[in-house]
Amino acid sequence: MVRNVAAFTDTYLPTVNGVTYTVSLWRSRWNDRFGRLSVVYPHSSAYEPRSDEFPVPSVQAPIYRQYRLGLPVVPTDLPTPDIVHVHSPFTLGLAGLRFGARADIPVVASYHTILADRIEPRVPDIVPVSRLEDGCLAYERQFYDAVDLITCLLYT
85 MVRNVAAFTD TYLPTVNGVT YTVSLWRSRW NDRFGRLSVV YPHSSAYEPR SDEFPVPSVQ
145 APIYRQYRLG LPVVPTDLPT PDIVHVHSPF TLGLAGLRFG ARADIPVVAS YHTILADRIE
205 PRVPDIVPVS RLEDGCLAYE RQFYDAVDLI TCLLYT
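Per my numbering, the sequence shown starts with residue 85, numbered consecutively.
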């Protein structure tokens, strides 16, 4: 049975959104019932890490200024997990993917957001949106093809 999980997320507390709520709730419940869930996330001076939370250096995101971009690094003191769970295809998702591949640890990815759907409202009219959407889809396909299992939420 999988006991120890390392979750890599590009958004975490103190930011409150669907991903941070899911990861923090999952962490709490996993630690209570199964083993250890360590979280690797972008450092924020507004949040004090708890046990098994591993902030990495970060910078403010250029488009979504309320978010921080973590550098794609793996903390040296992160315990070796049984499985890696990445929550996005961005910087820390890439770090988790690389960590899992190098350590020969299975990588699970959650698919939370269709990136191409977020482009149009955020680019100037002179930029060909369809090309950016195609680029996002190609990037997502490449990223998610590299993991061992994908989970996604379904709304009915």
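Note that CB positions come from ideal geometry on N, CA and C, so glycine has one too.
Exercise for the section: Using the Cα positions of SER108 and HIS169, report the straight-line distance between them to the nearest angstrom. Expected result: Against the sequence shown, residue 108 aligns to sequence position 24. Against the sequence shown, residue 169 aligns to sequence position 85. Roughly 13 Å between the two C-alpha positions.
Handout entry: Start and end residues, alpha helix (DSSP H) containing ASN88
Key = In the sequence shown, counting from the first residue as 1, residue 88 sits at position 4. Element bounds for ASN88: not the alpha helix (DSSP H) but the beta strand (DSSP E), 88-92.
Practice task
With a 10 Å radius around its C-beta and 16 neighbouring C-beta atoms as the bar for buried, classify VAL191 as buried or exposed.
Solution key: Counting from one through the sequence shown, the residue named residue 191 turns up at place 107. Per the 10 Å Cβ criterion, buried.
Handout entry: Cα-Cα separation between ALA185 and TYR131, rounded to whole angstroms
Key = Taking the first residue of the sequence shown as 1, we reach residue 185 at position 101. Taking the first residue of the sequence shown as 1, we reach residue 131 at position 47. Distance from the CA atom of ALA185 to the CA atom of TYR131, rounded to whole angstroms, is 30 Å.
Exercise for the section: For ASP232, collect the residues of the same chain with a Cβ closer than 7 Å to its Cβ; drop the 5 residues on either side in sequence, then sort them by chain order. Expected result: Stepping through the sequence shown from its first residue, residue 232 is reached at position 148. Once the five neighbours on either side are set aside, the close Cβ partners of ASP232 are PRO190, VAL191, VAL192.
Problem - Inter-residue spacing [alpha-carbon to alpha-carbon] between ARG113 and ALA145 - result: Working through the sequence shown from its first residue, we reach residue 113 at position 29. Working through the sequence shown from its first residue, we reach residue 145 at position 61. Roughly 30 Å between the two C-alpha positions.
Problem - Which of helix, strand or coil DSSP assigns to PHE138 - result: Residue 138 sits at position 54 when you count from the first residue of the sequence shown. Strand.
Exercise for the section: If I'm right that SER194 touches CYS236 with Cβ under 8 Å, what's the distance once you round it to whole angstroms? Expected result: Residue 194 sits at position 110 when you count from the first residue of the sequence shown. Residue 236 sits at position 152 when you count from the first residue of the sequence shown. SER194 to CYS236, Cβ: 7 Å. Contact.
Handout entry: Secondary structure of THR95, DSSP reduced to three states
Key = As a position in the sequence shown, residue 95 is number 11, starting the count at 1. Note: THR95 maps to coil in three-state DSSP.
Practice task
Assign THR93 to buried or exposed, taking buried as 16 or more other Cβ atoms, counted over all protein chains shown, within 10 Å of its Cβ.
Solution key: Here residue 93 is taken as the residue at index 9 of the sequence shown, counted from 1. Result: buried.
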